[in-house]
Structures are given as structure tokens and as C-alpha cells.
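Structure record follows, encoded as C-alpha cells.
Residue numbers (the numbering used here): 138 to 291.
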């Protein structure tokens with residue numbers, strides 16, 4: 138089942154994303170940043186155990202018509218089963234409900250997002266507003282992520 142994250146589940150999300158951080162597939166997130174963006178998150182739970190979160194993805198508003206899809210993580214044993222795609226679709230639906238025109242992502246796994254309809258763009262084409270988190274990144278200003286965009290219909 139896909140649903141919004143509950144605040145008391147934030148530590149579980151941190152445990153979910155930390156292995157991907159260690160592999161270099163995701164940038165680290167502090168508990169503070171996860172709590173302050175908890176309303177951005179969608180989660181998927183295991184069908185047989187609704188308490189077990191198997192994946193997460195966030196839709197983070199950037200501007201009047203722009204949002205970022207970020208912090209997509211799926212437990213290894215659930216990968217390849219449509220969990221990530223379903224979470225991204227939930228974010229896209231929410232973006233359409235909010236009348237957002239453009240979604241973007243910065244990712245180390247661009248092929249996944251290409252399959253979901255995102256198109257690669259040069260990072261320099263994204264508005265400067267989106268770089269507020271990047272200032273704190275260990276790789277700034279030499280970003281290693283690929284930028285992709287999705288044009289929402291809504």
C-alpha cells in the first residue's frame with residue numbers, strides 16, 4: 138500500500154536510505170532534514186505486513202510550478218518489483234494535483250528515471266533556486282548527479 142509517511146516513521150526512513158548513502162547512490166540525510174520534510178514523503182508498505190516500509194520517495198516543492206522528486210529508496214529485496222515506479226507515480230500524481238508543471242530529479246541512477254518518462258537536461262538549465270541544498274553537499278560544486286526533468290500534465 139502506498140501512503141503518506143507518519144512522523145513516528147522518520148527513523149525507519151533513515152535506516153532505509155543509509156545503506157544507499159554508504160554505497161554512494163544517495164546523498165546523506167540527517168534526521169533533522171527528514172523530520173522537517175516528512176510531509177513530502179510517500180511510502181510503500183509490505184502487503185503482508187503494513188507496518189514494514191519497503192520504499193520511500195519525496196516530492197519537494199521548489200517554486201510555484203517546480204518540484205523535485207528525491208530520496209527514492211527501495212529495500213534491496215523489493216527492487217525490480219515496481220515499488221520505485223509506483224512511488225514515483227504517486228509523486229507525479231500529487232504534483233499534478235498541485236498543478237505543478239515541471240518535476241526534476243538529481244540522481245546517480247538516471248536510467249530508472251528515464252524509464253519513468255524523465256528526460257536528461259543540463260544542470261545549468263535548472264533554476265538557481267534548486268541549489269540551496271547543494272551548498273551543503275560534499276561534492277559541491279562538482280555535482281556527480283544527473284539532472285532529469287518530467288513535464289507534468291495537470
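Don't be surprised by glycine CBs; every beta carbon is placed ideally from N, CA and C. Only a predicted model underlies this, so the values are computations on that prediction, with no experimental measurement involved.
Skipping 5 residues on each side, what residues in its chain have a beta carbon closer than 6 Å to that of residue i?
| i | result |
| --- | --- |
| residue 211 | 192, 220 and 221 |
| residue 177 | 195, 196 and 197 |
What whole-angstrom Cβ distance do residue i and residue j have, given they're in contact under 8 Å?
| i | j | result |
| --- | --- | --- |
| residue 196 | residue 242 | Not really, about 10 Å apart at Cβ, beyond 8 Å. |
| residue 203 | residue 247 | Residue 203 to residue 247, Cβ: 19 Å. No contact. |
So if DSSP puts residue i in a beta bridge, which residue, or which two residues, is it bridged to?
| i | result |
| --- | --- |
| residue 139 | 181 |
| residue 205 | 197 and 241 |
| residue 211 | 192 |
For residue i, name the three-state secondary structure that DSSP assigns.
| i | result |
| --- | --- |
| residue 287 | strand |
| residue 192 | strand |
| residue 170 | helix |
Just curious, the beta strand (DSSP E) that residue i is in, first and last residue?
| i | result |
| --- | --- |
| residue 250 | No beta strand (DSSP E) contains residue 250, which is instead part of the alpha helix (DSSP H) from 247-252. |
Locate the alpha helix (DSSP H) running through residue i, then write down its first and last residues.
| i | result |
| --- | --- |
| residue 256 | Not the alpha helix (DSSP H): residue 256 falls in the beta strand (DSSP E), residues 256-258. |
| residue 263 | Neither: residue 263 is in no alpha helix (DSSP H) and is coded neither H nor E. |
| residue 175 | Looking at the DSSP string, residue 175 is not in any alpha helix (DSSP H), and its letter there is neither H nor E. |
Once you ignore the five residues that flank residue i on each side, which residues in its own chain have a CB closer than 7 Å to its CB?
| i | result |
| --- | --- |
| residue 175 | 142, 144 and 147 |
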